[in-house]
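>
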Amino acid sequence: MQAPFGRRPAPVIRRTAYGPYVVLTVEDASGPEPQAGQFYMLAAAARWGGGEGERPFLPRAFSVLRARRGQLEFLVHDVGPGSHRLCELEPGDELLIVGPLGIPFAPVRERRRAVLVGGGVGIAPLAILQDQRGADAVLLGFRDADHAAAAALLPHARIATDDGSAGHGGFVTDLLGEQLHGNAHAEVLACGPPAMLEAVRQLCAEREVPAQLALESGMACGFGACFGCVVHTRKGLIRLCVDGPVLDAARLESAVGVGATAG
Ligand SMILES: Cc1cc2nc3c(=O)[nH]c(=O)nc-3n(C[C@H](O)[C@H](O)[C@H](O)COP(=O)(O)OP(=O)(O)OC[C@H]3O[C@@H](n4cnc5c(N)ncnc54)[C@H](O)[C@@H]3O)c2cc1C
Ligand code: FES
Numbered sequence: 296m297q298a299p300f301g302r303r304p305a306p307v308i309r310r311t312a313y314g315p316y317v318v319l320t321v322e323d324a325s326g327p328e329p330q331a332g333q334f335y336m337l338a339a340a341a342r343w344g345g346g347e348g349e350r351p352f353l354p355r356a357f358s359v360l361r362a363r364r365g366q367l368e369f370l371v372h373d374v375g376p377g378s379h380r381l382c383e384l385e386p387g388d389e390l391l392i393v394g395p396l397g398i399p400f401a402p403v404r405e406r407r408r409a410v411l412v413g414g415g416v417g418i419a420p421l422a423i424l425q426d427q428r429g430a431d432a433v434l435l436g437f438r439d440a441d442h443a444a445a446a447a448l449l450p451h452a453r454i455a456t457d458d459g460s461a462g463h464g465g466f467v468t469d470l471l472g473e474q475l476h477g478n479a480h481a482e483v484l485a486c487g488p489p490a491m492l493e494a495v496r497q498l499c500a501e502r503e504v505p506a507q508l509a510l511e512s513g514m515a516c517g518f519g520a521c522f523g524c525v526v527h528t529r530k531g532l533i534r535l536c537v538d539g540p541v542l543d544a545a546r547l548e549s550a551v552g553v554g555a556t557a558g
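Heads up, the sequence shown is in the numbering used here, so the first residue is 296 and it goes up one at a time.
(1) Quick one: any contact between the segment 406-414 and the segment 465-479, if contact means 3 or more CB pairs under 8 Å?
(2) Just to be sure I understand the criterion: a residue counts if its Cβ is closer than 7 Å to at least one heavy atom of ligand 2. Which residues meet that?
(3) What is the DSSP secondary structure of Thr556, reduced to helix, strand or coil?
(4) Going by C-alpha to C-alpha distance, which of Glu511, Val318, Pro327, Val504 sits closest to Gly394?
(5) For the beta strand (DSSP E) that contains Asp543, what are its first and last residues?
(6) Spatial neighbours of Gly365 within its chain, please: C-beta separation below 6 Å, excluding the five flanking residues on both sides.
(7) Could you please give me the residues that DSSP links to Met491 through a beta bridge?
(8) Determine the direct distance from the alpha carbon of Val504 to that of Gly344, and round the result to whole angstroms.
(9) Taking Leu236 as the reference, give the member of Ser460, Ala479, Val495, Ala446 with the closest Cα.
(10) CB-CB under 7 Å to Ala356, same chain, minus the five flanking residues each way: which ones, in chain order?
(11) So Cys486 and Pro386 are in contact, right, with Cβ under 8 Å, and what is the actual spacing, rounded?
(12) Residue range of the beta strand (DSSP E) that Glu368 falls in?
(13) Please return the same chain residues whose Cβ sits closer than 6 Å to the Cβ of Tyr313, not counting the five positions on each side in sequence.
(14) Could you name the residues that DSSP lists as bridge partners for Glu482?
(15) How should Thr456 be labelled, buried or exposed, when 16 other C-beta atoms within 10 angstroms of its C-beta is the threshold for buried?
(16) Note down the Cα distance separating Ala422 from Gly531, rounded to an integer number of angstroms.
(17) Verify the contact flag: Glu511, CB atom, against every heavy atom of ligand 1, threshold strictly below 7 Å.
(18) Quick one: does the C-beta of Leu384 sit closer than 7 Å to a heavy atom of ligand 1?
(19) What does a CB cutoff of less than 7 Å around Ala440 pick up in its chain, not counting 5 residues either side in sequence?
(20) Helix or strand or just coil, what does DSSP make of Arg310?
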């Protein structure tokens, strides 16, 4: 489904904290139903820009976390000027949104079973994926127990933390290795930091398991106009906002160092 032309207001209904993350629930009664893996360009209607160095100038891309009953949810990690402003929003404030945008996760191949793998804020598109299509296994990795509070957003997930303060002590790819052991029918759908995606890509390639990876790149427009989101694939450069953000792992030489950040 194509996004309606132009940005539209979406009033904030709820703001819920999960450890260091914030889930913003907004009203979008008139927008099309998004598919798992699609994203929206977000900006606060008030006080967007005017921070340090007048940033953020540009809207920011956010995966849709959930969509139901005319409401959208986004999972925000406060890491810079754009995400910080979004985390300040309270019920009654207004968000400006464009979306849904981009290519969603494809249906898993015939006779394959979906194994979802998420890292940090990259768990967002996996929640709506689990809602819409279910999953055979959900494996999530976080820095520590505080960040792992967001695992509550995905039922029945197995958790790994880098410092061992919750779940398995180690990387989520340890859990994926176990999951793929002797499982010839998996297809992996993953989103997370580049290093995690690259480890997932390599593990799947070694075991000849198909994988779809939701990547990130700095996005200024979100709909193909600025070429700011260009990433390298085996067959040349693509615009991640219109040709992704979900790519078949076989298209990538590497999932590390493919993109840049927005201004
Ligand atoms: C398709 C797509 C989906 C996305 N979905 C989400 C989402 O669901 N939730 C979410 O929080 N963000 C998501 N992002 C990232 C988001 O668009 C912004 O890039 C991010 O919020 C940082 O913007 P900023 O203005 O706060 O910080 P910036 O000024 O852009 O960055 C500040 C600093 O933080 C670093 N940084 C940027 N992004 C991250 C990050 N994710 N983790 C750690 N450090 C980072 C930068 O390298 C820089 O040093 C997505 C991006 C894309 C392209
Ligand atoms: S973000 Fe502008 S072309 Fe992709």
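Note that CB positions come from ideal geometry on N, CA and C, so glycine has one too.
A quick look at the data gives this:
(1) As far as the Cβ criterion goes, the segment 406-414 touches the segment 465-479, which means the pair count is three or higher.
(2) Counting only heavy atoms of ligand 2, the residues whose C-beta sits closer than 7 Å to one of them are, along the chain, Met514, Ala515, Cys516, Gly517, Phe518, Gly519, Ala520, Cys521, Phe522, Gly523, Cys524, Arg534, Leu535, Cys536, Val537.
(3) Bear in mind that the predicted position of Thr556 carries a pLDDT of just 45, short of 50, making it unreliable; the figure below should be weighed with that in mind. Of the three classes helix, strand and coil, the one that applies to Thr556 here is coil, per DSSP.
(4) Of the candidates Glu511, Val318, Pro327, Val504, the residue whose Cα lies closest to the Cα of Gly394 is Pro327.
(5) Segment 541-543, the beta strand (DSSP E) holding Asp543.
(6) In chain order, Ala324 place their CB closer than 6 Å to the CB of Gly365, counting only its own chain and leaving out the 5 sequence neighbours on each side.
(7) Under DSSP, Met491 takes part in no beta bridge, so it has no partner.
(8) Roughly 44 Å separates the two Cα atoms.
(9) No answer is possible for residue 236: the residues shown for the chain start at 296 and end at 558.
(10) Cβ contact annotation for Ala356 (same chain, cutoff 7 Å, sequence separation greater than five): Phe334, Met336, Met514, Gly517, in chain order.
(11) About 28 Å separates the two Cβ atoms, so there is no contact after all.
(12) Glu368 -> beta strand (DSSP E) spans 366-372.
(13) Ala444, Ala445.
(14) The secondary-structure analysis by DSSP pairs Glu482 across a beta bridge with Ala409.
(15) By the 16-neighbour rule on beta-carbons within 10 angstroms, Thr456 is buried.
(16) About 31 Å.
(17) Result yes, Cβ under 7 Å from ligand 1.
(18) Not under cutoff, so the answer is no.
(19) Correct list, in chain order: Thr456, Ser460, Ala461.
(20) Strand at Arg310.
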